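This report concerns only the one structure given below.
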Amino acid sequence: MAFFMNRRKQRALDDIQREIDHLRGRIDHIRGRTEAATGQAVATLKAETGQMARALDHGREWVTRSAWTAGRGALAYGRRHPLAATGLAVGAAGAVALACLLQARARRR
Numbered sequence: 001m002a003f004f005m006n007r008r009k010q011r012a013l014d015d016i017q018r019e020i021d022h023l024r025g026r027i028d029h030i031r032g033r034t035e036a037a038t039g040q041a042v043a044t045l046k047a048e049t050g051q052m053a054r055a056l057d058h059g060r061e062w063v064t065r066s067a068w069t070a071g072r073g074a075l076a077y078g079r080r081h082p083l084a085a086t087g088l089a090v091g092a093a094g095a096v097a098l099a100c101l102l103q104a105r106a107r108r109r
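Be aware that the sequence shown starts at 1, since it is given in the numbering used here, and climbs by one per residue.
As structure tokens, then:
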């Protein structure tokens, strides 16, 4: 049963990663359009790029929190199973990634 739950979590994380990659592509596309545009179009495209960047940050934070939550779940399951080390590693990696993301966001403000 745990295998299928981990598989579902992995699929969900893969879906989120695909969405992040799609958003990165959109940001690159918008940046390309920004170089060719002038005047008011530049302002509109910059606002759109900002929205995409915020969406990307939100997606990254979501992936990080999901990984951290998955790690905590794996650790709880691991207390009765040899996967405790794996759960601890995933949880720690998620916590570190979340801290880095929040620190980077704080620096930008």
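Note that the Cβ used here is the ideal one computed from N, Cα and C, for glycine as well.
Small disclaimer: the values here were computed from a predicted structure and weren't measured.
- One alpha carbon belongs to residue 41, the other to residue 57, and they sit about 24 angstroms apart.
- It is roughly 7 angstroms from the alpha-carbon of residue 101 to the alpha-carbon of residue 61.
- Straight across, the Cα-Cα distance linking residue 70 with residue 99 is about 16 angstroms.
- At a Cβ-Cβ threshold of 7 angstroms, residue 68 and residue 94 count as neighbours.
- Taking the C-beta atoms as reference points, residue 52 is found no nearer than 7 angstroms to residue 13.
- With distances taken between CA atoms, residue 65 lies nearest to 97 out of 54, 47 and 97.
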